[in-house]
Structure formats: structure tokens, C-alpha cells
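Undergrad: Can you read through this structure? Questions will come right after.
In the numbering used here, the protein residues as written are -19 to 59.
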């Protein structure tokens, strides 16, 4: 696990998130980072990712959780 993901897990643990929430958020962020593949992260890129998830048939509730995870990773802990 890279340093930022370890920080993220620590942040979620400090916020007393459940083990399953931590695992889900981490999994969603890892998938997003794989999708980004080192490119600059922009609002447009996040929108494209959301559209991809919709095309793949992900439920809207799942997409919302994924976006919450991404926001938490990049904004709550200031990565």
C-alpha cells in the first residue's frame, strides 16, 4: 500500500469508520487511481469515470459511494 493510501486508512480509522467501510473506500480509491494511471486529476476526469461506471451498469448508490470515497481521499486528507 502506498504512503497516501496508508494515510487514508489511518484517517478513516481515526474517524471510527467500520472495517467494511475502510475496505470499500480503499478499494474504490485504488480502482480510481488505476483508471487515472498517473494523469492529472481534474473534474472532467472524475466525470468521465462516473460516466464509465454508469455505462458498466453500476448502481447509482454504488457510484455515489465511489465518488464519496474519492472526495474523501483527495479533499478530506488533502492528498
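Think of the CB as a built atom: it goes at the ideal place given N, C-alpha and C, for glycine as much as any other residue.
(1) Can at least three beta-carbon pairs, one atom from the stretch 8 to 18 and one from the stretch 44 to 52, be found at a separation below 8 Å?
(2) Mind checking whether residue 12 and residue 50 have CB atoms under 7 Å apart?
(3) Following the continuous alpha helix (DSSP H) through residue 40, name the residue where it begins and the one where it ends.
TA: Reading it off the structure:
(1) Touching, yes.
(2) Yes, they are a contact pair.
(3) Residues 40 to 51.
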